[in-house]
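Counting from 862, one number per residue, gives the positions in the sequence shown under our numbering.
Ideal Cβ placement from N, Cα and C applies to all residues, glycine included.
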Amino acid sequence: MTAFWTEPDYDDHELVQLVRDPESGLTAIIAIHSSHLGPGAGGTRFWHYPVAKDAMRDALRLSRGMSYKNAMAGLPMGGGKAVILAGEDRTKTPEMLAAFGDAVAALDGKYVTAEDVGINEADMVAVAERTRYVSGLPVAGENDAGGDPGPFTAMGIYHGIRAAVQHKLGKDSVAGVHVAIQGTGSVGGGVARLLARDGAKLTLADINADRAEALARELDGETATPDGIMGVACDVFSPNALGAILDDEGIARLEAPIVAGGANNQLARAHHGKMLAERGILYAPDYVINAGGIISVTMEYLCRRHGEPCDINEVRKRIALIPGRLEDIWRESDSSGVSPDMVADRMAQTLIGRA
Ligand code: NAD
């Protein structure tokens, strides 16, 4: 019989902890993939998993992604992630968040948490009442870095889309460039607003149709159905909702020469990066282009630990380095014939000592 920890998703995780607190009803998983570069840093996801085993897969894949993301962003942090398993009614209580905070505290700094899907700033404030290993907390002044990472993630993706348009289409600006955006929440909505400012043409889709329509009205864009957005003929397809959307069927439907967006774990399987390259589609590796949020929360965390204010311009400067990293990956991919996702993985693995 093969040991379950030799399954690919485990990928030599340093720590995988199941947290159960029957009193509050908390069930959570905390995963730390690598602490080679520093404490495992990555957000907490609050999600209902009809099949509980999928929560473990999510935690493992997301925490490895954080190892790669933090390394490629040049941050002194390792990779970790937590998943809180929501019940069918998705009830989130202060008691649950307190129990989760205690579990993070017990790891004594090995894991630093922040927001992810289903967790907001107020939730992080509740967790911070039990542990100091928290980031993404509200900030006082408008020039202080920190708080909700969504707008910073959007900023990095905007820069990344501009770099992709330059690399693939030879255009210096996104004016008139048609971008189809899947998911118009915190990240997708932010990306749409930044692109609209530059005169990009937008097609938006969200399972919350009202949200997509309101944003389309605000930005003079169009809408597509959630089922139709991947097949829209455009210059850039920007996935900002769910992971694993780039599978055999999804890739076959794409009518865009570029895929660049913020969703985590966009490639359903490892070979789908190669499949995109074979179709001539330029791919911006997700954990490189969507690092803006973790750059912000990490700088906020480190500044707070040193008792210093954190200047938002320092965060912006670091986020502005994302296009250069993407360029390095694409250039290496162009010269070696290895797809960009694999080039990025190799770079990240080297940085975390797992080449
Ligand atoms: P969000 O919950 O604010 O927005 C997600 C949006 O996607 C929602 O409006 C939702 O209705 C929509 N959606 C869900 N399924 C959809 C589907 N099938 N088709 C179209 N729309 C759909 O979340 P967010 O913070 O914007 O995060 C979006 C993605 O980016 C997630 O994959 C997240 O893991 C990733 N990400 C977020 C951050 C961050 O800072 N928030 C950082 C890195 C990566």
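Bridge partner(s) assigned by DSSP for residue i
i	result
K942	A892
T974	V995
R881	T888
F1098	A1041, V1120
R906	V944
E1083	T1064
D1172	D1005
N1144	Note on identity: in this sequence residue 1144 is Tyr, with Asn being the wrong assignment. Its beta-bridge partners are V1120.
L833	One cannot answer for residue 833 here, as it falls past the ends of the chain, which runs 862 to 1216.
G901	G939, Y972
L876	I893
The ligand NAD heavy atom lying under 8 Å from the CB of residue i
i	result
E982	no
V1048	yes
S1155	Note that residue 1155 is Ile in the sequence shown here, rather than Ser. I1155 Cβ: within cutoff of the ligand NAD.
N931	no
G1021	no
V1120	no
L887	no
I1068	yes
T1064	no
L936	no
R1072	yes
F1098	no
P999	no
N1174	no
D1202	no
V995	no
D872	no
P911	no
A943	no
A1102	yes
N1004	no
F1013	yes
G1045	It is Thr, not Gly, that sits at residue 1045 in the sequence shown. Yes, the Cβ of T1045 comes within 8 Å of a heavy atom of the ligand NAD.
I1180	no
I1090	yes
A1124	yes
P1146	no
P883	no
P1170	no
P1010	yes
P1087	yes
Whether residue i touches residue j by CB criterion (9 Å)
i	j	result
S996	Y1162	yes
H1150	G1185	The question names His, yet the displayed sequence has Ile at residue 1150. Cβ atoms of I1150 and G1185: not closer than 9 Å.
L1212	L887	no
N1101	G1044	yes
A1145	L1182	no
Y972	G1007	no
A975	G1154	yes
N1004	D1172	yes
E1193	V1176	no
S924	G948	no
A1025	A1138	no
I890	A943	yes
L1030	V1040	no
I893	H874	yes
C1095	A1066	no
I1090	T1064	yes
L1115	W1191	no
G926	N1126	yes
Y994	G979	no
L998	I1156	no
A1216	A934	no
P1201	G1092	no
V1097	I1112	no
L921	V877	yes
Closer than 9 Å to chain D by CB, residue i
i	result
A1041	Chain labels in this structure do not include chain D; a single protein chain is all it has.
Distance cut-off 8 Å: residue i Cβ against heavy atoms of the ligand HEM
i	result
D977	As for the ligand HEM, it is missing from this structure, which binds only the ligand NAD.
Sufficient close CB pairs (3 or more, under 8 Å) joining the stretch 1047-1059 to the stretch 1162-1169: no
The stretch 898-909 contacting the stretch 978-985, beta-carbon criterion three pairs below 8 Å: yes
The stretch 1063-1072 touching the stretch 1002-1022, judged by at least three CB pairs closer than 8 Å: no
Touching by the beta-carbon criterion (3+ pairs, under 8 Å), the stretch 1125-1134 and the stretch 1094-1108: yes
Any 3 or more C-beta pairs closer than 8 Å across the stretch 868-885 and the stretch 958-967: yes
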